[in-house]
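J.: After the structure tokens below, expect a handful of questions from me.
Number of protein chains: 2
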Amino acid sequence: MTNIAILGFGVVGSGIAEVITQNSEIIKNKIGDEINIKYILDLREFPDSPFADKIVHDFNIILNDDEVSIVAEAMGGLHPAFDFSEQALKKGKSVVTSNKHVVAEKGDVLLKTAAENGVRYLFEASVGGGIPVLRPLGTCLAANKINEINGILNGTTNYILTQMIDFGKTFEVALKEAQMKGYAEANPTADVDGIDACRKICILAAIAFGKLINPSEVSTVGISNIRLNDVKNASEAGYAIKLIGQAKDINGKMSVSVAPRLVPNTNLLSKVDDVFNGILVNGNASDDIIFIGKGAGKMPTASAVVADIVDIAGRPEIKNQQWAQADKNDLVPSDDVVSAYYVCTTSSEDAVKSAFNEYSALSLKDGEFSFITPAMKKSAFNEMASKIDVISSFEIL
Amino acid sequence: MTNIAILGFGVVGSGIAEVITQNSEIIKNKIGDEINIKYILDLREFPDSPFADKIVHDFNIILNDDEVSIVAEAMGGLHPAFDFSEQALKKGKSVVTSNKHVVAEKGDVLLKTAAENGVRYLFEASVGGGIPVLRPLGTCLAANKINEINGILNGTTNYILTQMIDFGKTFEVALKEAQMKGYAEANPTADVDGIDACRKICILAAIAFGKLINPSEVSTVGISNIRLNDVKNASEAGYAIKLIGQAKDINGKMSVSVAPRLVPNTNLLSKVDDVFNGILVNGNASDDIIFIGKGAGKMPTASAVVADIVDIAGRPEIKNQQWAQADKNDLVPSDDVVSAYYVCTTSSEDAVKSAFNEYSALSLKDGEFSFITPAMKKSAFNEMASKIDVISSFEIL
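Chains L and H, in that order, are what the protein sequence lines are. With the working numbering applied, the first sequence corresponds to residues 1 to 397, in that order. With the working numbering applied, the second sequence corresponds to residues 1 to 397, in that order.
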């Protein structure tokens, strides 16, 4: 029997308890062992829960119980989640989590601590919720040089964009509806401003390239400035605007960014709608691989956490991957990243012609001229764009 | 250093050698070990190949060399591929393969032999080519009860169907073009009649449900009877016809089948076109997860084989999953499987009304009436359909 403790009895934490209970037979058949929830740490009491007798309020009870070999951290936030995880690892307990905040900020430290203590730190649920993507990226694609990852990594923003694209709603209206449906939080900043997607692309990049870039160093643009006119222009030209987390290998250096991008209709990511996430991984041998599924939600996320628990219960001895911290030399300056751009301007086509020389016109309406540029460095684009009055501009995927 | 031998220097075998050579640095970084190709078994000589000095013609040289710890079987066909694999496992060598024929017919035997000899038998490349799907299904979704798998598992037939759907070509014309482009073989039976897809869905079902059903017991319908009229009727009604391998859990029993099915446009599998494969897995906690990528091709397939090699080189000691043979009691009789049906008939709508009572009319043209039935058991459908003159009928996904 493998004894585990769950930290936090919120949405994900209670989902973990449910998945373990509901699928106990299946899990037992897989690993020939039973998973027993010994403790659930939460500040609150849950007298009506079937797990009421597992609730404890003091982390030290878990930490000092040698019978607990795996800790599932589902608290969210950086502290004390990081501290509890570190302490558990140092006590020889493996840790699993869905907490992208901790993994993106401190994953390198915790992977090192895990290795030093002969235990494991796994976080499949931190990216893509229930979609298996981190483990396949690290194992099934192990024989590949990863060239590029592009991901729709945040369900809330994808829902909002789908409402704008399919039903012509403005960003403000779509956001309000997402909040009413419970897809977006009262304070939607982490989703809408791309912060959540940024943490996730940092984690994906670390697995692909072995180096963890701090989210604060990643150019991150959210979706709040996308106008309905842009959505329509893009759509008429055969693109869908999606919030894309991108990690690229450019001549051995990393380029990591989050921004709304125009995804051509020929790319299946353009069809990943509503709260679904989609991650496209390009390897030098595998070519394009796409993973699609619900990127959030209680049960999908919990099922990924429990899969990590099952993995550790079945084989506690495997070496974790290690990450170095990315430094300036590992990164491509964002000015040097090459892309084609969609631009909407109030300037005349003549002004555009003289600023950009080459371009493909998309539309002229309501005094707005929109066009697509050839591929060029961001620095070159910024210089050319400064010569006209730009309303909005997005990279083309 | 891990020494391996490759059996067969055809498309996949030479791809394996190329991936190992090309990505040797990346592989070394992953596992802290080097993969060395010691032998390549083939009846032919390859004097101009960079691997010419590795070629041997006698399997016993490989079998009796204790330095070889992993054998990559890329011969294709059941014999002698199965026999060589079994002998290698019995000699304490792990075996990896892309050979779906062997895995679907003899996977249970080889997994058992591997376990008995403390080595591993892996076959990620046997389904979906370079798409990571078997390992994620077995590990990342381990905490799920798998309800259903639906897969576009054969690139050749998907290419032909895409040509029919998008360009209005007949089956015969599309097949001829696929042969000219090298996507279909001169004898296209294994692809066109669904035999290849059948082997793959048997492997997926075995991983999901732990029981291997022999391909000969699986109801398998190919694509050669799909008419352009059916494709058009389906398209106008919001469906794409795809060759779908399906494995379902119905009250604890398995239902496995291969047939052309109408996939609604709201299902992303309907957008998986050309030579791409797509596999949709529904778990009771994860909900729908979709894996998409190139299901064939030298480098994608080879990259999956090499990932298995890397996995074993990094951790030779993990227990393999074991499969039982499925018997009659494990299977749902195909007559009992419930589905809605698309039907095209030369009978009058009155005759349809009296045979089916309920239905949704799709179109009446060229003397053909097409309609969709409510969901019903196959036995009930067959009885009703026997009262009219059916030109074609397909299940709706």
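Cβ coordinates follow ideal geometry from the N, Cα and C atoms, glycine included.
1) Measuring alpha carbon to alpha carbon, tell me which residue in L/Val119, L/Leu397, L/Val305 and L/Thr220 is nearest L/Asn267.
2) Over what stretch of residues does the alpha helix (DSSP H) that includes L/Gly13 continue unbroken?
3) Hey, could you find the ends of the beta strand (DSSP E) H/Arg261 is sitting in?
4) Could you round the C-beta distance between H/Leu137 and H/Gly295 to whole angstroms and report it? I think they count as a contact, below 8 Å.
5) I'd like to know whether the C-beta of L/Phe9 is nearer than 8 Å to at least one C-beta of chain H.
6) Scan the segment 169-195 of chain L and note each continuous alpha helix (DSSP H) run of 4 residues or more that stays entirely inside, going in chain order.
7) Interface residues of chain H around L/Lys30 at Cβ under 7 Å?
8) Compare the C-beta of L/Gly238 against all C-beta atoms of chain H and say whether one is closer than 8 Å.
9) Which of the three DSSP states is assigned to H/Glu236 in this structure?
10) Could you tell me whether the Cβ atoms of L/Leu141 and L/Ile223 are closer together than 8 Å?
11) Please state whether the Cβ-Cβ distance between L/Val119 and L/Cys198 is less than 8 Å.
12) In chain order, what residues of the same chain have a beta carbon less than 8 Å from the beta carbon of L/Ala424, not counting five sequence neighbours either side?
13) Could you pull out every residue in the same chain whose Cβ sits closer than 7 Å to the Cβ of H/Thr301, ignoring the five residues on either side in sequence?
14) Using CA atoms only, rank isn't needed, just tell me which of H/Gly238, H/Glu358 and H/Ala247 is closest to H/Leu280.
15) Give the secondary structure of H/Thr346 by DSSP, where H, G and I count as helix, E and B as strand, and everything else as coil.
16) In three-state DSSP terms, what is L/Gln322?
17) Going by DSSP, what residue range makes up the alpha helix (DSSP H) through H/Ala115?
18) Between which two residues does the alpha helix (DSSP H) holding L/Leu161 run?
19) Nearest chain L C-beta to H/Met299 closer than 8 Å, yes or no?
20) Just reading off the beta strand (DSSP E) that L/Leu268 is part of, what are its end residues?
21) Which of the three DSSP states is assigned to H/Ser363 in this structure?
22) Determine the direct distance from the alpha carbon of L/Gly151 to that of L/Phe276, and round the result to whole angstroms.
23) By how many angstroms is the C-alpha of L/Leu41 removed from the C-alpha of L/Ala5?
24) Are the C-beta atoms of H/Arg135 and some chain L residue less than 8 Å apart?
25) Have a look at L/Asn144, L/Ala375 and L/Glu73 and flag the residue whose alpha-carbon is nearest the alpha-carbon of L/Asp288.
26) Taking all protein chains shown into account, do 16 or more other C-beta atoms lie within 10 angstroms of the C-beta of L/Lys211, making it buried, or fewer, making it exposed?
27) Using a 10 Å radius around the Cβ and a threshold of 16 neighbouring Cβ atoms, would you call H/Arg135 buried or exposed?
28) Name the two residues that bound the continuous alpha helix (DSSP H) containing L/Lys298.
29) Along the alpha helix (DSSP H) that carries H/Gly283, what are the first and last residues, could you check?
30) To the nearest angstrom, report how far apart H/Asn265 and L/Ile241 are at their CA atoms.
31) Please look up how many angstroms separate the CB atoms of L/Ser24 and L/Glu34, rounded, as I've assumed it's under 8 Å.
32) Short of 6 Å in beta carbon distance, which residues of its chain neighbour L/Ile312, apart from the five on each side in sequence? Order them along the chain.
33) Taking its Cβ as the centre, do 16 or more other Cβ atoms sit within 10 Å of H/Asn60, making it buried, or is it exposed?
34) Confirm, please, whether the CB-CB distance from L/Ser334 to L/Glu395 is below 8 Å.
35) Can you tell me the Cβ-Cβ gap for L/Thr139 and H/Ala307, rounded? I've got them flagged as a contact below 8 Å.
36) In the DSSP assignment, find the unbroken beta strand (DSSP E) run with H/Ser69 in it and report its ends.
T.: With the structure as the only source:
1) Mapped onto the first sequence, residue 267 of chain L falls at position 267. Of L/Val119, L/Leu397, L/Val305 and L/Thr220, the smallest CA-CA separation from L/Asn267 is found for L/Leu397.
2) Start at 1 with the first residue of the first sequence, and residue 13 of chain L comes out as number 13. First-last of the alpha helix (DSSP H) with L/Gly13: Val11 to Gln22.
3) Numbered from its first residue, the second sequence carries residue 261 of chain H at position 261. Per DSSP, the unbroken beta strand (DSSP E) holding H/Arg261 starts and ends at Lys253 to Pro264.
4) Sequence index remark: in the second sequence, residue 137 of chain H carries index 137 (1-based). Sequence index remark: in the second sequence, residue 295 of chain H carries index 295 (1-based). Not a contact, Cβ separation roughly 15 Å.
5) Residue 9 of chain L sits at position 9 when you count from the first residue of the first sequence. No, L/Phe9 lies away from the interface with chain H (no Cβ there is under 8 Å from its Cβ).
6) Residue ranges of uninterrupted alpha helix (DSSP H) with 4 or more members, entirely inside the segment 169-195 of chain L and ordered along the chain, are 171-180 and 189-192.
7) As a first step, residue 30 of chain L must be located in the first sequence, where it is residue number 30. The answer, in chain order, is Ala142.
8) Within the first sequence, residue 238 of chain L is the residue found at index 238, counting from 1. L/Gly238 does not count as touching chain H.
9) By 1-based counting over the second sequence, the position of residue 236 of chain H is 236. It is helical.
10) The residue you call residue 141 of chain L lines up with position 141 of the first sequence. The residue you call residue 223 of chain L lines up with position 223 of the first sequence. No, the pair does not count as a contact, with Cβ atoms beyond the cut-off.
11) Numbered from its first residue, the first sequence carries residue 119 of chain L at position 119. Numbered from its first residue, the first sequence carries residue 198 of chain L at position 198. Going by C-beta atoms, L/Val119 is not nearer than 8 Å to L/Cys198.
12) No answer is possible for residue 424 of chain L: the residues shown for chain L start at 1 and end at 397.
13) Position 301 of the second sequence, counting from 1, holds the residue named residue 301 of chain H. Closer than 7 Å at the Cβ level, and outside the excluded window around H/Thr301, lie Val12, Gly15, Ser98, Ala125, Gly129 and Gly130.
14) Position 280 of the second sequence holds residue 280 of chain H. The shortest C-alpha separation from H/Leu280 is found at H/Ala247.
15) Your numbering for residue 346 of chain H matches position 346 in the second sequence. Of the three classes helix, strand and coil, the one that applies to H/Thr346 here is coil, per DSSP.
16) In the first sequence, residue 322 of chain L corresponds to position 322, counting from 1. Correct three-state label for L/Gln322: coil.
17) Residue numbering aside, residue 115 of chain H sits at position 115 when the second sequence is read from its first letter. Segment Lys100 to Glu116, the alpha helix (DSSP H) holding H/Ala115.
18) The count along the first sequence starts at 1 and reaches residue 161 of chain L at position 161. First-last of the alpha helix (DSSP H) with L/Leu161: Gly155 to Phe167.
19) Stepping through the second sequence from its first residue, residue 299 of chain H is reached at position 299. Yes, H/Met299 counts as interfacial toward chain L.
20) As a working mapping, residue 268 of chain L is identified with position 268 in the first sequence. Run containing L/Leu268: none; DSSP gives neither H nor E here.
21) Stepping through the second sequence from its first residue, residue 363 of chain H is reached at position 363. Looking at H/Ser363 - three-state DSSP - the assignment turns out to be strand.
22) Here the question's residue 276 of chain L lines up with position 276 in the first sequence. Here the question's residue 151 of chain L lines up with position 151 in the first sequence. Going by the C-alpha atoms only, they are around 11 Å apart.
23) Within the first sequence, the letter at position 5 stands for residue 5 of chain L. Within the first sequence, the letter at position 41 stands for residue 41 of chain L. Across the structure, L/Ala5 and L/Leu41 are spaced so that their CA atoms are roughly 8 Å apart.
24) The residue you call residue 135 of chain H lines up with position 135 of the second sequence. Yes, H/Arg135 lies at the interface with chain L (some Cβ there is under 8 Å from its Cβ).
25) On the first sequence, position 288 is the one that residue 288 of chain L refers to. Considering only alpha carbons, the answer is L/Asn144.
26) Within the first sequence, the letter at position 211 stands for residue 211 of chain L. With 16 or more other Cβ atoms within 10 Å, it is buried.
27) On the second sequence, position 135 is the one that residue 135 of chain H refers to. Buried: at least 16 other Cβ atoms inside 10 Å.
28) Working through the first sequence from its first residue, we reach residue 298 of chain L at position 298. Counting along the chain, the alpha helix (DSSP H) containing L/Lys298 begins and ends at Lys298 to Gly314.
29) Within the second sequence, the letter at position 283 stands for residue 283 of chain H. Per DSSP, H/Gly283 belongs to no alpha helix (DSSP H); it is in the beta strand (DSSP E), Phe276 to Gly283.
30) Locating residue 265 of chain H in the second sequence gives position 265, where the first residue counts as 1. Locating residue 241 of chain L in the first sequence gives position 241, where the first residue counts as 1. Taking the straight line from one Cα to the other gives about 20 Å.
31) Sequence index remark: in the first sequence, residue 24 of chain L carries index 24 (1-based). Sequence index remark: in the first sequence, residue 34 of chain L carries index 34 (1-based). Between the beta-carbon of L/Ser24 and that of L/Glu34 there is about 7 Å, and that keeps the pair under the 8 Å contact cut.
32) Along the first sequence, read from residue 1 onward, the residue named residue 312 of chain L stands at position 312. Result list for L/Ile312: Ile70, Ser94 and Arg120, in chain order.
33) For the purposes of this step, residue 60 of chain H is taken as the residue at position 60 of the second sequence. Its Cβ having fewer than 16 others within 10 Å, H/Asn60 is exposed.
34) If you number the first sequence from 1, residue 395 of chain L lands on position 395. If you number the first sequence from 1, residue 334 of chain L lands on position 334. For L/Glu395 and L/Ser334, no; Cβs fall outside 8 Å.
35) Taking the first sequence and counting its residues from 1, one reaches residue 139 of chain L at position 139. Taking the second sequence and counting its residues from 1, one reaches residue 307 of chain H at position 307. With a Cβ gap of about 7 Å, L/Thr139 and H/Ala307 count as contacting.
36) As a first step, residue 69 of chain H is located in the second sequence; it is residue number 69 there, counting from the start. Its beta strand (DSSP E) spans residues Val68 to Glu73.
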